[in-house]
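Engineer: Take this structure, written in structure tokens, and hold onto it; I'll ask about it next.
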Amino acid sequence: MAEGEVLIVVISGPSGVGKSTVAETVLEKAPGLVRSVSLTTRNPRPGDVDGEDYHFVSPEEFAARRDEGGLLEWAEVHGNLYGTEVKQVERQLAGGRSVLLEIDVQGGRSVKTARPGAVLIFLLPPSDEILETRLRGRGTDDEDVILKRLANARRELESAECYDYRVVNDELDRCVSEVLGIIRVESMRRGTDGAKRGTEGV
Ligand code: 5GP
Numbered sequence: 003m004a005e006g007e008v009l010i011v012v013i014s015g016p017s018g019v020g021k022s023t024v025a026e027t028v029l030e031k032a033p034g035l036v037r038s039v040s041l042t043t044r045n046p047r048p049g050d051v052d053g054e055d056y057h058f059v060s061p062e063e064f065a066a067r068r069d070e071g072g073l074l075e076w077a078e079v080h081g082n083l084y085g086t087e088v089k090q091v092e093r094q095l096a097g098g099r100s101v102l103l104e105i106d107v108q109g110g111r112s113v114k115t116a117r118p119g120a121v122l123i124f125l126l127p128p129s130d131e132i133l134e135t136r137l138r139g140r141g142t143d144d145e146d147v148i149l150k151r152l153a154n155a156r157r158e159l160e161s162a163e164c165y166d167y168r169v170v171n172d173e174l175d176r177c178v179s180e181v182l183g184i185i186r187v188e189s190m191r192r193g194t195d196g197a198k199r200g201t202e203g204v
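In my numbering, the protein residues as written are 3 to 204.
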């Protein structure tokens with residue numbers, strides 16, 4: 003990654019838009035950029051490693067940490083509580099590494115409220131049809147569930163305007179280069195005119 007101040011970068015967008023693939027590829031290509039490990043109450047899934055993918059805590063512990071101000075943002079997604087730990091993010095920033103958060107749309111907006119200097123990138127699907135095909139392909143034939151997923155996705159797409167950048171997740175390589183370019187530009191901007199802009203919380 004380029005010189006300049008460290009950043010909190012949020013990649014967000016509706017379910018099915020390809021956040022994980024984009025985030026993983028960006029992380030592979032950008033040494034110095036670190037993924038945040040979230041605090042969540044959802045059940046571990048096969049292959050999940052505590053502390054690597056997520057930290058798993060009970061709903062009670064989650065509520066206690068949240069009430070103590072230990073979470074940068076938190077949200078309930080599909081009945082599970084997810085939160086980003088302030089300390090975990092701070093540790094990375096203090097070590098000179100920028101942090102990449104791959105979180106839901108509401109979580110992204112909460113980060114911006116807590117840290118106005120964070121860079122929010124919204125991933126847009128190439129088309130409504132592609133998004134619908136992906137959401138229909140997610141392990142259920144239940145039409146009610148599918149319609150709910152589609153309605154959520156459409157609502158979340160309306161949040162795109164609140165984000166700093168909107169990137170169409172069409173061809174993976176092009177999308178990843180665009181995201182890396184945004185990170186580079188924002189990082190340099192902080193490095194060169196950071197004094198004028200102030201710290202803006204990052
Ligand atoms: P999954 O359980 O499939 O990893 O994530 C489900 C959804 O929760 C995804 O939309 C993901 O972006 C969101 N999510 C995962 N971790 C966090 C987090 O720490 N905070 C917030 N707000 N959302 C998260």
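From the three backbone atoms N, C-alpha and C, an ideal C-beta is built for every residue, glycine too.
Pull every residue with its beta-carbon under 5 Å away from any heavy atom of the ligand 5GP, and keep them in chain order.
Structural biologist: So the residues near the ligand 5GP by this Cβ test are Ser40, Ala77, Val79, Tyr84, Thr86, Ile105, Asp106, Gly109.
Engineer: So what does DSSP say about Arg140, is it helix, strand or coil?
Structural biologist: Of the three classes helix, strand and coil, the one that applies to Arg140 here is coil, per DSSP.
Engineer: Quick one: what does DSSP say Asp130 is sitting in, helix, strand or coil?
Structural biologist: The answer is helix: DSSP assigns Asp130 an H, G or I state.
Engineer: If Leu95 sits next to Val101, beta carbons under 8 Å apart, how far is it from one beta carbon to the other, in whole angstroms?
Structural biologist: 6 Å between Cβ atoms; contact.
Engineer: Is Ile10 near Val91, with beta carbons less than 8 Å apart?
Structural biologist: Going by C-beta atoms, Ile10 is nearer than 8 Å to Val91.
Engineer: Tell me which residue opens and which closes the beta strand (DSSP E) that Ser22 is part of.
Structural biologist: That residue, Ser22, is in no beta strand (DSSP E); its alpha helix (DSSP H) goes 21 to 31.
Engineer: Look at the alpha carbon of Ala197 and the alpha carbon of Ile184, and state the distance between them as a whole number of angstroms.
Structural biologist: Only weak support is given to the placement of Ala197: the predicted model assigns it a pLDDT of 48, under 50, and the value that follows is read from those uncertain coordinates. For Ala197 and Ile184, the distance between alpha carbons rounds to 20 Å.
Engineer: Can you give, in chain order, each stretch of the alpha helix (DSSP H) that sits fully within the region 84 to 135 and has at least 4 residues?
Structural biologist: Listed in chain order, they are 88 to 96, 107 to 116.
Engineer: Excluding sequence positions up to five away, which residues of its chain have a Cβ less than 6 Å from the Cβ of Arg191?
Structural biologist: Within the same chain, Arg191 has no close Cβ partners at all.
Engineer: Compute the Euclidean distance between the alpha carbons of Pro61 and Ser112, then round it to the nearest angstrom.
Structural biologist: The alpha-carbon atoms of Pro61 and Ser112 are separated by roughly 20 Å.
Engineer: Measure the C-alpha to C-alpha separation of Glu70 and Thr86 and round it to an integer number of angstroms.
Structural biologist: Each residue's alpha carbon lies about 13 Å from the other.
Engineer: Classify Lys114 as buried or exposed, calling it buried when 16 or more other Cβ atoms lie within 10 Å of its own Cβ.
Structural biologist: Under this definition Lys114 is a buried residue.
Engineer: Under DSSP, the alpha helix (DSSP H) around Val147 begins and ends at which residues?
Structural biologist: Unbroken alpha helix (DSSP H) run through Val147: 145 to 159.
Engineer: Determine the direct distance from the alpha carbon of Gly53 to that of Pro46, and round the result to whole angstroms.
Structural biologist: Computed Cα separation, rounded: 11 Å.
Engineer: Out of Arg156, Cys164, Gly18, Arg176, point me to the one whose CA is closest to Val121's CA.
Structural biologist: Here the closest residue by C-alpha is Cys164.
Engineer: Would the beta-carbon of Ala116 fall within 8 Å of that of Leu74?
Structural biologist: Yes, the pair counts as a contact, with Cβ atoms nearer than the cut-off.
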